[in-house]
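In the working numbering, the protein residues as written are 180 to 1195.
A short write-up of the structure that comes next.
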């Protein structure tokens, strides 16, 4: 049965997990199936907190997505939020912490390591799972072993490359493709469920038998009482609980075998050995008699080392073996006859298949090209295969780098994932996200090769696409942080619990991160690279490092880093509020509209329904409205389902309690829901002097049901700039690919400032922080730089010193690996300084064009000014300047993601004694006047003329009563019009203002059928 909505099941008042739904209903049972309203918000509508525990495991050495044994993964609806001023603030998608990474794995990753990489046997560790395209150094699936054939040594290796299927692009040894080795190497790829056919795959090599010299029969001690004195062994060939059916013996003649004649030439010589075996039990006790495997005489005439291997079939059993030399060892210097038992192997019954894994079997012949130095450097480049959803069904596994279908595979696969049914997955949303990620060129390319709880692995996979998985009542959803325009819920004091609203603003600490260094994996060298992600105007003094799993694209890493940097700068307001049933409407990541008078987030109230007529478009409000002179005003309305529609441009009505909708069409007005206030609660409204200030958009982070049937919501301010930050600049190019170390360079100070204090002769020397600096050094000179006095070093870029008054020359430098260059500053050290008064602020000229200039009237004693620019309730720019003016242009606004006709400036005067009380000035760019028109005498052509405003960016014409413009261009123009027909003409400017609509009726007589005309 397919699940079509989210719901919870309660048994006798307690939440019942899905794994218990198969039990039979008994007499007296009380079952409640509760649907989650408004998609649930991830919270319990009966005010019960439900914590879900999920543990997944995979077979064969422990699945890659398995939790540690006995340690269930507990996760809930709430997302973790770090509100430390000195940390990187990313509330919606918190960066992965290093502690969680360390706790999730018990062994180091062989893929993501700065140490030398190679093949190894990681017994008990996770089997790797490849998603997307990546390089893998596969683990040994069986113990490698060697054999000698024709005096040549062969190495047999069986590798486990990945869980599931993959498309192999290249197999290499080190950095060399295996095709370069020709006949020196053989291999076969074993698909999941396949059988190893290239060589025996279940072989145990004895650790006891290595380099044992076999003594001759004449070397037995004279007092030996038994025949075992010159015997090597017996040694056990295979472990307890196993049975062998073949035994392999290696014999080495380290100098060869020969008799050297008088001429120095080798002549034939012989040696004889015997190999015997018997069966033993798991305790090592014999359970059978000795039987001979081989008694062989070797005859050769060579002085070259010889390596010989022999195989012997044995009855299925655990076996012990001894080796004996039977001939007399000749000790004459002309005799070359040393024999060494150099190895023993037990061949166990074949493993046959290894389950849902891709494997490679490889035979390497030892040569100068291939030897013990590089035989363990086998690596594979390929792309993982997963099923792909096409909207109606799943394909066969196919090679893909898709983030969406990797997430689906992790949830669906029963071998190494969660084994979920399709009904518990958001297939339609994953298909939409797959299109978004594909269009942006964003992929998941990585290897899960350490034990990891399922939810953490799923979170790692989603993070590369700026998304996060959430778990709602048994259903997994994937929430991508992306631009949003339609609020899911709207809250005003009228549907908040009284006194519950509060907000926390997290201000950056002095050394808080101001940029992000993202480390990703380069897809050519497969080595980590770092890209600096800095917003416009950032000093880049305190970068925050973040390593991103699954990203091999520099562009993708840069976009994600710029998003993180913008979140850190612009999303620092954290409101909380309590609500009733409305609190269950928004989900994690949803857009929520909030209006409250305390922070000045718009005006709000209820709509009085008595006077509402769609044709007139007049709304009556319960509260008097405050209007800002010269500004465009907007109103937003709460929908019947708790969401929000609008905001709509409005104009003042007949009194302070009424507004008239300006641009809403009759069809839009008829679709508005205005409650009668009796059958349902009144329609709420939000109101303000711009689209950005009629309410505060926020992102939902957490819902916490309370015992009084209310829900506490935790949110963060919505900022469109976090989605636009990636467009500020092109991705910085990678550093040059050189193996040489960069020459050491000292950190560089940008400038030096000297400020007096309220104490005579006490000065503070400061400088901007320098990247790479560990200390700062400051000096002073009374004779213009002829001689210098060291004031001291400081770990921070500031130092206060007591010196005499008068003229001084100062210098300072930053110190890192080496010291950087000096910077200099001359200053007059005065006697006494007082805190300056507040500066005056005044517009240099009206805010009518593409920029505004505010003059600063300097107070006495001001040395410089601190400027804060706020747009839409969010601080967009903070800087210090000595110039007595502030400029804000449309380019500044676009770079900050803050295009709005309303801007607030805050300016403080600063000197050595401190900072003044700030002065504030809010300026508004007025809407442009309505455009003029020119109509042909016969009414067949209508032109929209240039507006008198200097910041107009678009011109529009539409037929009155319709929605879509006929003319939409960046310059004035004309259309072919119909005589006797009314048209609406208006313009917009670069700041987002819309002019009043000019309604023009063309000359002539209106035609019968409506003809809106067309562009000319």
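Ideal Cβ positions, reconstructed from N, Cα and C, are used throughout, including at glycine.
A quick note: this is a predicted structure, and the numbers were derived from the prediction, not measured.
Per-residue burial, residue 686 [other beta carbons within 10 Å of its own, 16 or more giving buried]: exposed
Burial state of residue 1051 (16 or more Cβ within 10 Å): buried
Sub-7 Å separation of residue 772 and residue 876 beta-carbons: yes
Candidates 630, 575, 659 and 792, of which the one nearest residue 644 by Cα: 659
Three-state secondary structure assigned by DSSP to residue 1156: coil
Whether residue 786 touches residue 864 by CB criterion (7 Å): yes
Three-state secondary structure assigned by DSSP to residue 585: helix
Collapsed DSSP secondary structure at residue 231 in the structure displayed: In this prediction, residue 231 has a pLDDT of 23, which is less than 50 and means its spatial position is unreliable; what the coordinates show is noted afterwards. DSSP places residue 231 in strand when its eight states are reduced to three.
Whole beta strand (DSSP E) elements within the region 629-654, 3-residue minimum: 646-651
Contacting residues, own chain, Cβ-Cβ under 7 Å from residue 647 (five flanking each side not counted): 272, 638, 641 and 658
Segments assigned alpha helix (DSSP H), at least 4 residues, entirely inside the region 987-1013: none
DSSP beta-bridge partners of residue 660: For residue 660, which the question treats as bridged, DSSP gives no partner whatsoever.
contact_flag[the region 742-758, the region 900-911] where n(CB pairs < 8 Å) is 3 or more: yes
Contact belief for residue 523 with residue 414 at Cβ below 8 Å, rounded distance in angstroms: 7 Å
Inter-residue CB distance, residue 395 and residue 508 (contact presumed, cutoff 8 Å): 3 Å
Sufficient close CB pairs (3 or more, under 8 Å) joining the region 982-995 to the region 1065-1073: no
Counterpart residues of residue 812 in DSSP-defined beta bridges: 829
Boundaries of the alpha helix (DSSP H) in which residue 900 is found, first to last residue: 900-903
Integer-rounded CB distance, given that residue 933 should sit under 8 Å from residue 1006: 4 Å
Complete runs of the beta strand (DSSP E) confined to the region 287-374 [at least 3 residues]: 308-310, 312-315, 324-328, 331-342, 345-352 and 364-369
Exposure label - residue 1129; buried when at least 16 CB within 10 Å: exposed
Where the alpha helix (DSSP H) through residue 518 begins and ends: Run containing residue 518: none; DSSP gives neither H nor E here.
Expected contact under 8 Å - CB spacing of residue 612 and residue 583 to nearest Å: 5 Å
Residues near residue 926 by beta carbon distance below 8 Å, same chain, minus five either side: 949, 950, 951, 952, 993, 994, 995 and 999
Buried or exposed (CB count within 10 angstroms, at least 16 for buried), residue 735: buried
Reduced DSSP category for residue 723 - H, G, I as helix; E, B as strand; rest coil: strand
Reference residue 305, options 1036, 536 and 874, closest by Cα: 536
Uninterrupted beta strand (DSSP E) stretches inside the region 828-881 (no shorter than 3 residues): 837-840 and 863-867
Complete runs of the alpha helix (DSSP H) confined to the region 717-778 [at least 4 residues]: 733-749
Enclosing beta strand (DSSP E) for residue 482 [first to last residue]: Note, residue 482: premise wrong, no beta strand (DSSP E); not H, not E.
C-beta atoms of residue 1105 and residue 1081 nearer than 7 Å: no
Segment contact flag, the region 727-734 with the region 955-962, C-beta cutoff 8 Å, min 3 pairs: no
Same chain, Cβ closer than 8 Å to residue 495, neighbours up to 5 away in sequence not counted: 422, 423, 424 and 528
Proximity of residue 1151 and residue 1098 at Cβ, strictly below 7 Å: no
Residue 749, buried or exposed, once every other Cβ within 10 Å from all chains shown has been counted against 16: buried
Per-residue DSSP class, three states only, for residue 203: coil
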